[in-house]
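Structure first, then comments.
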Amino acid sequence: MNKMGIFVREQAEKVRLVRQHYALTFCVARHSWITIVKKEN
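Be aware that the sequence shown starts at 8, since it is given in my numbering, and climbs by one per residue.
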């Protein structure tokens, strides 16, 4: 039971880190895209 709880907690932490990573990547990509579009106009 305790091992299962630790496993679930570790998985939740991994998911949280992956989501943070994707959110950060998305923000950076969007910012870069906006900058490129502004330069071309």
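Just so you know, even glycine gets a beta-carbon here, dropped at the ideal spot from N, CA and C.
When rounded, the separation of the alpha-carbon atoms in T42 and V25 is 26 Å. Residue state for N48 is assigned as coil, using DSSP reduced to three classes. Counting only the Cα atoms, N9 lies some 15 Å from A19. Within the model, the alpha-carbon separation for K46 versus S39 is close to 11 Å.
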